[in-house]
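Enquirer:
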Amino acid sequence: MNTEQLYEMLRKLQEPKGYFFNKDRQHVDRLLNSLLINKERYGYMACPCRLAVNDREWDRDIICPCVYREPDVKEFGRCYCGLYVSAEWNSGQITDQYVPERRPIEKILGPS
Amino acid sequence: MDIKIKMFTLSTCIYCQNTKAFLKSLDVPFDYIDVDLLTPDEKPKIMREIRNLTASVSFPTIVIGEKIVTGYRPDEIRKALGL
Numbered sequence: 000m001n002t003e004q005l006y007e008m009l010r011k012l013q014e015p016k017g018y019f020f021n022k023d024r025q026h027v028d029r030l031l032n033s034l035l036i037n038k039e040r041y042g043y044m045a046c047p048c049r050l051a052v053n054d055r056e057w058d059r060d061i062i063c064p065c066v067y068r069e070p071d072v073k074e075f076g077r078c079y080c081g082l083y084v085s086a087e088w089n090s091g092q093i094t095d096q097y098v099p100e101r102r103p104i105e106k107i108l109g110p111s
Numbered sequence: 000m001d002i003k004i005k006m007f008t009l010s011t012c013i014y015c016q017n018t019k020a021f022l023k024s025l026d027v028p029f030d031y032i033d034v035d036l037l038t039p040d041e042k043p044k045i046m047r048e049i050r051n052l053t054a055s056v057s058f059p060t061i062v063i064g065e066k067i068v069t070g071y072r073p074d075e076i077r078k079a080l081g082l
């Protein structure tokens, strides 16, 4: 699968749910490429902006779309990586701002 | 520039890539570690190092002298560099 195929596949799945790709297509393509790298590396599309531990169960919360997308888009208009945004964010009604990490530190540090 | 810059990044993270490009555009030297490319043995040690620097372990974490900037935030980076 290439980024173009992934783009179309995800767009059809996510737009009806109210999640749109960032209008910056270059940013989106770079992220989709990173998702394909992680798919190859781990066997699942781990969030490119977070460190995966190569354990699908542990990383389940950060398999894209991550579980933090919903609260992040609700609060900031975009997900942590800036892959998915709301319609309002894309139209400029919401100012872009830094999205802080919402994943619990225990999960970030990995299984001990 | 005398300020030492060290970054903790992920090779797949676009904001990490943007931060590297931004620092290059400022023509300031920096070191970085792509944590996702480390061996499984090396990763926990580096994650603890980041944890000791900042409560929120996220990428990029940019150490600029004594200051820490998390995320791709050009204004914060400029401020930390005194630019």
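Just so you know, the sequences run in chain order A and B.
The first sequence lines up with residues 0 to 111 when you count with numbering that gives the first Met the number 0.
The second sequence lines up with residues 0 to 82 when you count with numbering that gives the first Met the number 0.
Positions of the beta carbon are idealized from the N, C-alpha and C atoms, including for glycine.
Could you give the distance in angstroms between the alpha-carbon of B:Val-68 and the alpha-carbon of A:Met-8?
Expert: 36 angstroms
Enquirer: When DSSP labels each residue in this structure, what does B:Phe-7 get in the three-state scheme?
Expert: strand
Enquirer: In the DSSP assignment, find the alpha helix (DSSP H) that holds A:Asp-200 and state where it starts and stops.
Expert: An answer regarding residue 200 of chain A cannot be provided, because it is not within the stretch 0 to 111 covered by chain A.
Enquirer: Check whether the Cβ of A:Pro-47 lies closer than 7 angstroms to any Cβ atom in chain B.
Expert: yes
Enquirer: Please confirm if B:Met-46 has its CB atom under 7 angstroms from at least one CB of chain A.
Expert: yes
Enquirer: Please report the distance separating the alpha-carbon of A:Arg-24 from that of B:Tyr-14.
Expert: Approximately 15 angstroms between the Cα atoms of the pair.
Enquirer: Is any beta-carbon of chain A found at less than 7 angstroms from that of B:Arg-77?
Expert: no
Enquirer: Would you mind giving the Cβ-Cβ distance between A:Val-66 and A:Tyr-83, rounded to the nearest angstrom? I have them listed as a contact below 8 angstroms.
Expert: About 13 angstroms; that fails the 8 angstroms criterion.
Enquirer: Hey, A:Glu-105 and B:Ser-55: beta-carbon distance below 7 angstroms or not?
Expert: no
Enquirer: Who are the neighbours of B:Ser-55 on chain A, taking C-beta pairs under 9 angstroms?
Expert: The CB of B:Ser-55 comes closer than 9 angstroms to the CB of Pro-99, Glu-100, Ile-104, Ile-107 in chain A, given here in chain order.
Enquirer: Would you check if the region 16 to 23 of chain A and the region 43 to 61 of chain A touch, i.e. whether three or more CB-CB distances between them fall below 8 angstroms?
Expert: With the cut-off at 8 angstroms, the region 43 to 61 of chain A and the region 16 to 23 of chain A do not touch.
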